[in-house]
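J.: Have a look at this one before I ask anything.
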Ligand SMILES: Nc1ncnc2c1ncn2[C@@H]1O[C@H](COP(=O)(O)OP(=O)(O)OP(=O)(O)O)[C@@H](O)[C@H]1O
Ligand SMILES: [Mg+2]
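Chains as they are written, first to last, in my numbering: chain C, 33 to 362; chain Z, 30 to 246; chain X, 3 to 247.
Below, the structure written as structure tokens:
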């Protein structure tokens, strides 16, 4: 768990890159730091492993003030992945991946086993690639090695600064999927910087949207899409981005995938809606009528169940995660 | 301090003459080295085998100690009765200047962006036009860097040439050594350093002046 | 075989031919005679020459490389400008003058020569150390710090291995240059093979000249070759420049 408490960074030149940011990353969550260039994402990230000093406020890691810990110890418990992969050209792939275990004094045997396990995770042969040097790998391979290097000593926390930013879109998507798969297995607490909205929606359990060093909104991707707290947030994701995507789906699709809610027989005066209606209309109905639920009926007028804002959101979340490209740019 | 001024007053014209002599020796050697090295460097870009051979030879040449090369020039040139003086020193300096000039020309021309070369071919330029309008202008700063290295090396080595009677500022230093006169030694050294700086400054000026604006960074 | 290869071979063998011709000419004039007739002097001069080079190079190595490492540390960055410019300026002073000026400070003899050669070897070693460390990608250091490496570990595991190519090239340049400059040690009474070269020039005795000059040249070429081999062994495979000639 990482807690930011009024965290602030003012650089020597006087630029305040991060202004009193408050939020908590729960254990096992991926939180994506998102925002326009220069909004302070990298700065915020680098304060966690103390590559940047904290000017004001605190960062707590598992309840401990990061400043009370030894910076070297702290960093060894935090995996760090950067865009330009940062692989050391003088070391083989195996030496690169095993550097932190090496610093921690692991035995040869333990390192060997760990290396094989990590390489298996990214489906690369440890025998084939172990003795190669970084320049003998493709960009995508290098980046994946960068990721498993950060995982090598099994740190509970990972910091990733646009780790897939330099890759072309097709490879990027593949590696994102692969990484989500790995995350299911390793369950790390992850702070992930991105400036790509699709990537953020795809990867994030929650998104931190920053603007000029200030936190604009901290929410799940679907919340942000459906209920942006400000015009800036709405604009950033592209006007009606989510709403537009909803018009592509009907209530029936939703019913098939996540099912409807039980309807409350007690409420009289309820509104009904046909199951073939698209979700966009449904949502605006829910929002405009300020009704908690709408009864869904089929063509014969049979009540199939109820639909609520929560359910639409859940579906949205599900959909955009599975196929982020369906969410069109505004 | 007074002694210094007096020394300089007495020797000013001689120092000046020796500086000119030094500059002419080095300048002439560089000029000839350019006439050989630049076309050769350009030609090498069309023949990789020869490039390897020539660069190897030139780099071995640069490892030959200067006093040894000057020394060997004496008996060799004695065969044609030019054993001592300007000619052997001049030839040695031409040889020393080859490596930086050939190497930089070769790498610079070879590194000209292939897309630019393709574009030039696409525009229907003939090889010669391409060379003079595209390749040389783009390679110019790197070639100039090679020339600057050669000049600085040669001004330093030119000092040793005094031992084989080629004159130049080395005369002040060698005389200073035999007479135990530090004034002469220091004056000679300072003059050499100043000459090197002026020459380098001049070449930097040329480089800036003639580098196409778009590729100067 | 294609035409380009043939041209290259012709050039290569012409040069070999010229070198062979030179040796043939020198041997037929008995210009190498002194090496055999005065072999004990010759061996003494070779020994002196090697001592000059070894001692001065070793001292320069011990000063220049740690110096280069020191000025690339964050807290010494400001000093780098001053140190680098001083060293650069020093290099424009002719080697002969450095030797000569040492006479008035240290008198005549072996130490004077060693000291001058030492001073003169500093620049290439220092400059390449600084350049090698400076050329390392900032992101590598960042990654290393981020994973909890201590400054000493970063220096020895990342910076020095990746700068090794440049540093060793500087060492090689300095030592090879040093072999040549050591031939000037004669003028400060430092001995070495320069003694025969200068004797030859002064007495117009081609025998002394060639018997001094050719061994020095061969020594320089040979040491250059050896050090290149050593570089190839020491420099980590992954951090070599893509093409080397
Ligand atoms: N070392 C520094 N010294 C002074 N100002 C800095 C420094 N590093 C960053 N800044 C400034 O702090 C602000 C935030 O920078 P930061 O690198 O955190 O942005 P970012 O959100 O990561 O941007 P990008 O998406 O372009 O990577 C910018 O205005 C930047 O100019
Ligand atoms: Mg950034």
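For glycine and all other residues, C-beta sits at the position ideal for the given N, C-alpha and C.
1) Using C-beta distances below 8 Å, list every residue in its chain close to residue 90(Z), excluding the 5 sequence neighbours before and after it, in chain order.
2) Just the Cα atoms here: how many angstroms apart are residue 252(C) and residue 237(C)?
3) Return yes when the C-beta of residue 238(C) is under 7 Å from any heavy atom of ligand 2, and no when it is not.
4) Closer than 7 Å by C-beta to residue 356(C): which residues in its own chain qualify, once you throw out the five before and the five after it? Chain order, please.
5) Excluding the 5 residues flanking residue 317(C) on each side, which residues of the same chain have their C-beta closer than 8 Å to its C-beta?
6) Tell me which same chain residues have a C-beta within less than 6 Å of the C-beta of residue 208(X), skipping the five on either side of it?
7) Taking 7 Å as the line, does the beta carbon of residue 41(C) fall inside it for any heavy atom of ligand 2?
8) Mapping the DSSP letters down to three states, classify residue 154(C) as helix, strand or coil.
9) Residue 52(C): beta carbon under 7 Å from a heavy atom of ligand 1?
10) In the structure shown, what three-state DSSP assignment does residue 96(C) receive?
11) Please list, in chain order, the chain Z residues whose beta carbon lies closer than 8 Å to that of residue 49(X).
12) I want to check one thing, is the minimum distance from the CB of residue 193(C) to the heavy atoms of ligand 2 below 7 Å?
13) Using only the alpha-carbon positions, how far apart do residue 177(C) and residue 121(C) sit?
14) Does residue 83(Z) have its Cβ less than 8 Å from a Cβ in chain X?
15) Helix or strand or just coil, what does DSSP make of residue 243(C)?
16) Between the segment 108-118 of chain C and the segment 144-163 of chain X, can you find at least three pairs of beta-carbon atoms closer than 8 Å?
17) Any beta carbon from chain X within less than 8 Å of residue 247(C)'s own beta carbon?
18) Given 7 Å as the limit, tell me if residue 225(C) has its C-beta closer than that to any heavy atom belonging to ligand 2.
19) Under 7 Å, CB to CB, which of the residues in the segment 129-149 of chain X have a partner in chain C?
20) If residue 224(Z) sits next to residue 184(Z), beta carbons under 8 Å apart, how far is it from one beta carbon to the other, in whole angstroms?
21) Is the Cβ of residue 183(C) closer than 8 Å to any Cβ of chain X?
22) Can you pull out the residues from the segment 112-124 of chain C whose beta carbon lies closer than 9 Å to at least one beta carbon of chain X?
23) How far does the alpha helix (DSSP H) with residue 155(Z) in it reach, from first residue to last?
24) Considering only the beta carbon of each residue, do residue 184(X) and residue 119(X) sit closer than 8 Å?
25) Applying the 10 Å Cβ sphere with the 16-neighbour rule, what's the burial state of residue 43(C)?
26) Mind pulling the chain X residues with CB within less than 9 Å of residue 86(C)?
27) Check whether the Cβ of residue 73(C) lies closer than 7 Å to any heavy atom of ligand 2, and answer yes or no.
28) Using a Cβ-Cβ cutoff of less than 8 Å, which residues in the same chain neighbour residue 54(Z) once the five nearest sequence positions on both sides are dropped?
29) Which residues in the same chain have their Cβ closer than 7 Å to the Cβ of residue 49(X), if we skip the five residues on either side of it in sequence?
30) Taking residue 90(X) as the query, report the chain Z residues whose CB atoms sit under 7 Å from its CB, ordered along the chain.
31) Can you grab the Cα-Cα spacing for the pair residue 76(C) / residue 330(C), in whole Å?
32) DSSP beta-bridge partners for residue 192(C)?
33) Considering only residues of the segment 130-164 of chain Z, which uninterrupted beta strand (DSSP E) runs meet the minimum length of 3 residues and lie entirely inside it, listed in chain order?
34) Is the CB-CB distance between residue 95(Z) and residue 182(X) below 8 Å?
35) Chain Z partners of residue 14(X), CB-CB under 7 Å?
36) Name the residue from 118(C), 46(C), 224(C), 157(C) whose alpha carbon lies nearest to the alpha carbon of residue 181(C).
T.: Put simply:
1) 124, 125, 127, 128
2) 6 Å
3) Residue 238(C) Cβ: outside cutoff for every heavy atom of ligand 2.
4) Caution is warranted here: a pLDDT of 49 is assigned to residue 356(C), below 50, making its placement in the model unreliable, and the coordinate value is therefore given only provisionally. Closer than 7 Å at Cβ, skipping near neighbours: 230, 233, 234.
5) Contacts found: 303, 305, 323, 326.
6) Answer for residue 208(X): 33, listed in chain order.
7) Checking the Cβ of residue 41(C) against ligand 2 gives no.
8) Of the three classes helix, strand and coil, the one that applies to residue 154(C) here is coil, per DSSP.
9) no
10) strand
11) Correct list: empty, because the minimum Cβ distance to chain Z is about 18 Å.
12) yes
13) Taking the straight line joining both Cα atoms gives about 13 Å.
14) yes
15) strand
16) yes
17) no
18) Answer for residue 225(C): yes, Cβ within range of ligand 2.
19) Residues passing the 7 Å Cβ filter: 141, 142, 144, 145, 147, 148, 149.
20) 6 Å
21) Chain X, which has no Cβ nearer than 8 Å to the Cβ of residue 183(C), makes this no.
22) 112, 113, 114, 115, 116, 117, 118, 119, 120, 121, 122, 123, 124
23) Where residue 155(Z) is concerned, there is no enclosing alpha helix (DSSP H), given that its DSSP letter is neither H nor E.
24) Inclusion of residue 184(X) and residue 119(X) in the CB contact set at 8 Å is warranted, their separation being smaller than that value.
25) exposed
26) What residue 86(C) touches in chain X: nothing, since even the nearest Cβ is about 16 Å away.
27) yes
28) Once the five neighbours on either side are set aside, the close Cβ partners of residue 54(Z) are 115, 118, 119, 122, 187, 190, 195, 196, 197.
29) So no residue of the chain qualifies.
30) Ordered by position in chain Z, no residue passes the 7 Å Cβ test against residue 90(X), which lies about 11 Å from the chain.
31) 51 Å
32) 113(C), 224(C)
33) none
34) yes
35) 82
36) 118(C)
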